[in-house]
Amino acid sequence: MDFQLTEAQDFFKKTVADTIDRLILPKADEIDEKDEFPWNLWREFSRLGYLGLRYPEEIGGMNADKVMCMIFYEEIARGSVGFAQSVIMNILMGTYFLYRFGSDAIKERCLFPAMRGEKIATMCFTEDQSGSDLGATRTTFVRDGSGWRINGTKMWITNGPICDFCTVLATSDPTKGLKGLNFLLVEKGTPGFSSGQVINKLGCRGTVTGELIFDNVWVPEENLLGEELDKGVFYLGEVLDEVRLMTGAMALGIARAAYDEALEFARKRIAFGKPIGVNQLIREKFAEMDTLMNAARLMVYYGAWMLENNMESRIIAAEAKMYATEVCLKVVDELTRIYGANAFAHEYKPQRFFRDARFLLYGGGTHEVLKDFIGRTIIGKL
Ligand SMILES: Cc1cc2nc3c(=O)[nH]c(=O)nc-3n(C[C@H](O)[C@H](O)[C@H](O)COP(=O)(O)OP(=O)(O)OC[C@H]3O[C@@H](n4cnc5c(N)ncnc54)[C@H](O)[C@@H]3O)c2cc1C
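Numbering-wise (the numbering used here), the sequence shown opens with residue 4 and increments by one.
Right, dumping it as structure tokens:
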């Protein structure tokens with residue numbers, strides 16, 4: 004067994020951490036407070052090439068392996084979860100289906116500019132009445148001449164209101180459930196495609212999230228992303244483990260930021276004439292947080308390594324996402340206890356971590372749904 008990062012991974016980790024320390028950390032509170040998309044930061048990240056993180060060098064990407072991807076996701080979430088969400092959407096789900104199934108023209112028009120940060124991408128699954136239950140998708144598409152006509156409304160879409168294009172989950176027939184699902188590309192400026200309500204979110208502020216409306220939107224044949232009709236769920240399965248591990252890595256990032264804040268506070272806050280960190284009950288919190296974070300990190304990176312080595316990673320990815328998120332919520336909770344009343348003030352960081360961490364409960368699958376999946380897979384068909 005070898006738990007050591009390769010030289011390239013180690014160098015990448017140091018470089019990314021330095022970038023986050025310099026570019027994001029000083030602006031993280033401002034991003035949260037203003038709740039506006041940080042265009043300048045986006046341009047800086049684009050210039051550094053991070054938006055092409057997981058794609059091959061031949062097409063202008065960084066060709067990062069799965070472990071390197073997790074390093075990046077963890078670090079950027081340590082900086083600002085709001086900004087991280089927007090960036091990761093471009094890197095992963097917003098572009099995955101274009102990379103996998105897009106024609107040369109689609110790649111030229113959408114994928115490559117998104118990898119350079121010149122275009123903003125997103126992915127639309129969720130609707131008002133369907134989140135976890137993708138089989139209940141009501142956005143439809145039908146054949147119309149040499150293309151497809153799409154109708155429906157999506158909700159909770161990261162980058163939605165500012166996106167240049169989106170990959171939309173739609174059904175060829177709502178009565179088919181999961182067996183009717185497909186992915187289609189819709190570009191900004193297409194008649195009938197518009198942005199609706201922008202959500203005023205509890206956390207992950209700085210990323211713009213909202214409703215996207217598809218009112219009789221017509222797209223050409225090639226915008227159906229997939230080799231075969233109605234195989235959307237199968238294609239989604241190709242990237243699901245990566246998405247779940249990515250969410251776990253983001254959880255590690257927030258947990259680390261919260262832990263660092265707690266440590267600094269415990270060392271300097273004086274109560275009863277001594278730093279609170281000398282108290283056994285406070286030390287116990289650090290022992291527990293550190294143990295949990297180490298366990299979560301092992302799971303996330305082990306999952307990434309398995310994925311990179313084409314090993315079966317469905318269960319470990321779901322477990323790692325779930326476990327790392329619960330650890331993150333625990334660490335953030337402990338921070339708010341260690342910090343005392345100041346954790347309750349907008350002026351200090353803990354409340355931001357507290358709000359941001361809640362998002363992890365939904366992205367990548369809710370824990371009830373993940374537990375059900377893990378249990379079902381382990382027990383098998385009876
Ligand atoms: C900040 C943020 C950004 C997001 N960005 C995007 C995006 O870019 N694109 C996108 O498509 N979506 C996005 N989402 C939506 C997210 O994917 C959904 O919230 C998620 O899929 C859960 O769906 P839901 O909220 O509708 O909850 P539901 O699926 O309605 O679940 C509600 C509750 O019921 C439970 N439940 C459901 N089914 C079962 C079951 N079988 N057994 C036990 N319990 C069950 C759930 O665990 C949960 O507790 C975003 C959400 C947030 C908060």
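For glycine and all other residues, C-beta sits at the position ideal for the given N, C-alpha and C.
Start-to-end residues for the beta strand (DSSP E) that takes in ILE23: On the sequence shown, residue 23 is found 20 positions in, with the first residue counted as 1. Note, ILE23: premise wrong, no beta strand (DSSP E); not H, not E.
Neighbour-count burial assignment, ARG57, 16 or more Cβ in a 10 Å radius: Residue numbering aside, residue 57 sits at position 54 when the sequence shown is read from its first letter. Under this definition ARG57 is a buried residue.
Whole-number beta carbon distance between ILE257 and VAL335, since they are thought to touch under 8 Å: The residue you call residue 335 lines up with position 332 of the sequence shown. The residue you call residue 257 lines up with position 254 of the sequence shown. Indeed they touch by this definition, with Cβ atoms about 7 Å apart.
Sheet register partners of ILE216 (DSSP bridge): Residue mapping note: residue 216 aligns to position 213 of the sequence shown, counting from 1. Its beta-bridge partners are THR156, SER197.
Reduced DSSP secondary structure (H/G/I, E/B, other) of MET65: On the sequence shown, residue 65 is found 62 positions in, with the first residue counted as 1. Coil, per DSSP.
In DSSP terms, what PHE376 is bridged to: Position 373 of the sequence shown, counted from the start, is the residue given in the question as residue 376. Its beta-bridge partners do not exist; DSSP assigns none.
ASN185 - containing beta strand (DSSP E), residue span: As a first step, residue 185 is located in the sequence shown; it is residue number 182 there, counting from the start. Residues 184–190.
C-alpha gap between LEU255 and GLN88, whole angstroms: For this step, residue 255 is matched to residue 252 along the sequence shown. For this step, residue 88 is matched to residue 85 along the sequence shown. Cα to Cα, the separation comes out at about 14 Å.
Environment of MET253 [buried if 16+ CB atoms lie within 10 Å]: Residue 253 sits at position 250 when you count from the first residue of the sequence shown. When all chains shown are included, MET253 counts as buried.
Coarse secondary structure for ARG57, derived from DSSP in three states: If you number the sequence shown from 1, residue 57 lands on position 54. Three-state result, ARG57: coil.
Alpha-carbon to alpha-carbon, PRO177 and ALA327: Translated into positions along the sequence shown, residue 327 becomes position 324. Translated into positions along the sequence shown, residue 177 becomes position 174. Their Cα atoms are separated by approximately 35 Å.
heavy atom of ligand 1 below 7 Å from GLY366 C-beta: Your numbering for residue 366 matches position 363 in the sequence shown. Checking every heavy atom of ligand 1 against the Cβ of GLY366, one is found closer than 7 Å.
Length at least 4, wholly inside the stretch 334–370: the alpha helix (DSSP H) runs in chain order: 353–361
Cβ-heavy atom distance, ILE285 to ligand 1, below 7 Å: Here residue 285 is taken as the residue at index 282 of the sequence shown, counted from 1. No.
From LYS69, VAL171, PHE128, residue whose alpha carbon lies closest to that of LYS191: Sequence index remark: in the sequence shown, residue 191 carries index 188 (1-based). Nearest C-alpha to LYS191: VAL171.
GLY134 beta carbon near ligand 1 (any heavy atom closer than 7 Å): Here residue 134 corresponds to residue number 131 of the sequence shown, with the count starting at 1. It does: the Cβ of GLY134 is within 7 Å (strictly closer) of some heavy atom of ligand 1.
Any non-hydrogen atom of ligand 1 closer than 7 Å to VAL372 Cβ: Taking the sequence shown and counting its residues from 1, one reaches residue 372 at position 369. Correct: VAL372 has its Cβ closer than 7 Å to ligand 1.
Helix, strand or coil at CYS72 according to DSSP, with G and I counted as helix: For this step, residue 72 is matched to residue 69 along the sequence shown. The answer is helix: DSSP assigns CYS72 an H, G or I state.
Residues of its chain near GLN12, where Cβ-Cβ distance is below 6 Å and the 5 sequence neighbours each way are ignored: Here the question's residue 12 lines up with position 9 in the sequence shown. Excluding positions up to five away in sequence, the list reads VAL70, MET71.
Between the CA atoms of THR339 and SER49 - distance to the nearest angstrom: For the purposes of this step, residue 49 is taken as the residue at position 46 of the sequence shown. For the purposes of this step, residue 339 is taken as the residue at position 336 of the sequence shown. Straight-line Cα distance between these residues: approximately 35 Å.
PRO194, buried or exposed, once every other Cβ within 10 Å from all chains shown has been counted against 16: Residue mapping note: residue 194 aligns to position 191 of the sequence shown, counting from 1. With fewer than 16 Cβ atoms within 10 Å of its Cβ, PRO194 is classed as exposed.
Run of the alpha helix (DSSP H) containing LEU301, from where it starts to where it stops: Looking up residue 301 in the sequence shown gives position 298. Unbroken alpha helix (DSSP H) run through LEU301: 283–311.
PHE362 Cβ short of 7 Å to ligand 1 heavy atom set: As a working mapping, residue 362 is identified with position 359 in the sequence shown. The answer is yes for PHE362.
ARG146 classed as buried or exposed, judged by whether at least 16 other C-beta atoms fall within 10 angstroms: Translated into the one-based positions of the sequence shown, residue 146 becomes position 143. So ARG146 ends up on the exposed side.
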